[in-house]
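With positions in the sequence shown counted from 1, the corresponding number in the working numbering is that position plus 17. Structure record follows, encoded as structure tokens.
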Amino acid sequence: MNPEGAVEKLFGWERERLLALAKGAATAAVTVLAALIASTVKGEVKTSPLIVYLAAALVLLLLVWGGFILTGLRRLAEEYAVALSIIRRSGPGNERSKAKRWEM
């Protein structure tokens, strides 16, 4: 496999991992929110208001965490471009890379 293909595969795996984490956080937030809304509408909430507020805070925290993970995707795209430029500069046909090979 060529170096560019290896970098692409590595960054693809990391992108998929981050997307899965963000989707999981969003799914958990929606699940907690749906349960909270359903139990409130039915009038089945038989707990202290503090628990309800903590559940709402959990939803907010999960959504913020998912957003933070999505910003990691933007950084990952920037790092991918930098990694490709480094590989292309040090690849075959580049005079500096040939000189470095002779120095070793």
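For glycine and all other residues, C-beta sits at the position ideal for the given N, C-alpha and C.
Taking the CB atoms as reference points, tell me whether residue i and residue j lie closer together than 8 Å.
i          : j          : result
residue 42 : residue 82 : yes
residue 39 : residue 53 : no
residue 67 : residue 49 : no
residue 87 : residue 31 : no
Using C-beta distances below 8 Å, list every residue in its chain close to residue i, excluding the 5 sequence neighbours before and after it, in chain order.
i          : result
residue 17 : Absent from the model: residue 17. The displayed extent of the chain is 18 to 121, so no value can be given.
Is the shortest distance between the beta-carbon of residue i and the beta-carbons of chain C less than 8 Å?
i          : result
residue 54 : Absence of chain C from the displayed structure is noted, only one protein chain being present.
Where does residue i sit, in a helix, a strand or coil, going by DSSP?
i          : result
residue 56 : helix
Nearest to residue i by CA position, among the options, is which residue?
i          : options            : result
residue 78 : 28, 47, 103 and 20 : 47
residue 98 : 18, 19 and 25      : 25
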